[in-house]
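Structure, as structure tokens:
2 protein chains.
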Amino acid sequence: MKSLWDEFNELGTEMIVTKAGRRMFPAFQVRVTGMDPHADYMVMMDFVASDDKRYRYSFHSSSWVVAGKADTQMPGRIHMHPDSPAKGSQWMKQIISFDKLKLTNNLLDDNGHIILNSMHSYQPRFHVVYNPPKSEDVSEMEVFKHFIFPETKFTAVTAYQNHRITQLKIASNPFAKGFRDCDPNDW
Amino acid sequence: MKSLWDEFNELGTEMIVTKAGRRMFPAFQVRVTGMDPHADYMVMMDFVASDDKRYRYSFHSSSWVVAGKADTQMPGRIHMHPDSPAKGSQWMKQIISFDKLKLTNNLLDDNGHIILNSMHSYQPRFHVVYNPPKSEDVSEMEVFKHFIFPETKFTAVTAYQNHRITQLKIASNPFAKGFRDCDPNDW
DNA sequence: TTCTTAGCACCTAGGTGCCAAGAT
DNA sequence: ATCTTGGCACCTAGGTGCTAAGAA
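Protein chains in written order, with my numbering: chain A, 37 to 223; chain B, 37 to 223.
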């Protein structure tokens, strides 16, 4: 999905947050290599604030502008991939997709969704936790690693601000086909 | 679902098996109590042959009759509940449902579905595996337990034989609403 | 003859942005 | 003013038994 993420990122990616929880589109997907095929790993995601600012969208200039200091943030939740834990061979066999992850703006959320502040910017992070066999010397290795893909940065919103983002979502998300003017397959 | 299982069982429950895999209806659901809330458990199901016979349905007498000795059976697969492993408190909090379990007649199935022989009778079994804390003396307790509910016995088929089973499936399975003559809610 | 398969219309379940109304 | 919510029509995805055709 990197090319699609890049396309969104150039416009300034926006992700909807709702009380009930909303999926990300594009979904965060990653391919891993170099794992020990027979060892157990947990893979997960979290979201860190890109900065300590609150934003608003200036329709006049068609761009995001700083609207003050960030609202108070709860300590971020961690989204464990539902297949965790699993063997390295399993993780490496196919692309790891976090398509069931949901974003919410409900501070009291009880469904384990990721809680974000609307009008704030976030950077998704991908984490791998290695559960070494008992025989190994843990002191010499990294048990916890994380990876950041800058093109997946986004601003949380409750309604899309940049109309070009809306258009790109409609054009590329299969679930939004009903809003397309013409079939992009015709191109 | 016990009353529904009983209703089917009185007629002689049939379950469809397909190459791609078919869900069971009714779904196998169970409630557990008495677990250690803080210990890990795995819960799972398997299916054992009720007998060593092959059956056919006699439309003449509207009943199942023995049609010979059972075909050779592969050693039965085990279906691990997708939430396994989890704490006792989690399992006891709500009904445990195996509604994603699928039955297939494809001996070469690669999707982890339960492989059954059509025209044979099976008894579902529910298993609980207890992972005791290291401090406990394992020798004195049962780590592996299983439970059988006789009313969940069924015959695997590739097409329904008993028309009354078909009618009861249509009347009680929400996905088969399209085949109903009238809305059962009207009763 | 009996059993099995694939495609079908009809459902459930839930993911889209839109829009109007409400909240701050 | 700006932000947020709930209901909506329109989709995807996949679970039903039916039917006709094919296989054993």
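Where a beta carbon is used, it is the ideal one built from N, C-alpha and C, also for glycine.
Asked                                                                                                                                                                                 : Found
What's the gap between the Cα of B:Lys-189 and the Cα of B:Met-60?                                                                                                                    : 12 angstroms
Could you give the uninterrupted runs of the alpha helix (DSSP H) lying entirely in the segment 108–189 of chain B, keeping only those of 4 residues or more?                         : 124–129
Could you say if the segment 102–109 of chain A and the segment 72–81 of chain A meet the contact criterion of at least three C-beta pairs nearer than 8 angstroms?                   : no
Among all the DSSP beta bridges, which residues are the ones paired with B:Ile-52?                                                                                                    : B:Val-193
Taking the alpha carbon of B:Met-128 as the reference point, which residue from B:Asp-119, B:Arg-113, B:Ser-39 has its own alpha carbon closest?                                      : B:Asp-119
Does the beta-carbon of A:Ser-157 have 16 or more other beta-carbons within 10 angstroms, so that it is buried, or is it exposed?                                                     : buried
Taking Cβ positions, are B:His-117 and B:Ile-132 nearer each other than 8 angstroms?                                                                                                  : yes
My assumption, with CB atoms under 8 angstroms, is that A:Val-53 sits in contact with A:Thr-191. Please give the rounded CB distance.                                                 : That pair is no contact at about 10 angstroms.
Between which residues of its own chain and A:Asn-221 is the CB-CB distance below 7 angstroms, once the five residues before and five after are set aside?                            : Residue placement at A:Asn-221 is poorly supported in this model, since its pLDDT is 48, which falls under 50; the coordinates still yield a value, given next. Same-chain partners within the cutoff: there are none.
Taking the alpha helix (DSSP H) that B:Ser-39 falls in, what are its first and last residues?                                                                                         : 38–47
Measuring straight from C-alpha to C-alpha, what distance separates B:Ser-39 and B:Glu-187?                                                                                           : 10 angstroms
Please report how far the alpha carbon of B:Gly-112 lies from the alpha carbon of B:Asn-45, in whole angstroms.                                                                       : 23 angstroms
Tell me whether B:Ser-97 sits in a helix, a strand or coil according to DSSP, three-state version.                                                                                    : coil
Ordered along the chain, which non-local residues of its own chain (more than five positions away) have a Cβ less than 6 angstroms from that of B:Gln-65?                             : Met-37, Ile-131, Ser-133
The alpha helix (DSSP H) spanning A:Ala-207 covers which residue range?                                                                                                               : 199–208
Between which two residues does the beta strand (DSSP E) carrying B:Ala-85 extend?                                                                                                    : 76–85
Going by the CB atoms, is the gap between A:Met-51 and A:Asn-91 shorter than 8 angstroms?                                                                                             : Reading the sequence as shown, one finds Tyr at residue 91 of chain A and not Asn. Not a contact, by the Cβ cut-off of 8 angstroms.
Quick check: what's the CA-CA separation for A:Thr-194 versus A:Asp-88?                                                                                                               : 19 angstroms
Grab me the residues of A:Tyr-166's own chain with a C-beta within less than 7 angstroms of its C-beta, minus the 5 sequence neighbours each way, in chain order.                     : Ala-75, Tyr-77, Val-179
Look up A:Arg-90 in the DSSP assignment and give the residues it is bridged to.                                                                                                       : A:Gly-104
Please report the Cβ distance between B:Lys-138 and B:Gly-57, rounded to the nearest whole angstrom; I am assuming they are in contact, meaning their Cβ atoms lie under 8 angstroms. : 3 angstroms
From this set, A:Met-110, A:Thr-49, A:Arg-67, which residue's C-alpha is nearest A:Ser-99's C-alpha?                                                                                  : A:Thr-49
Would you mind giving the Cβ-Cβ distance between B:Tyr-93 and B:Gln-203, rounded to the nearest angstrom? I have them listed as a contact below 8 angstroms.                          : Contact flag wrong, Cβ pair sits at about 15 angstroms.
Classify A:Gly-124 as buried or exposed, calling it buried when 16 or more other Cβ atoms lie within 10 Å of its own Cβ.                                                              : buried
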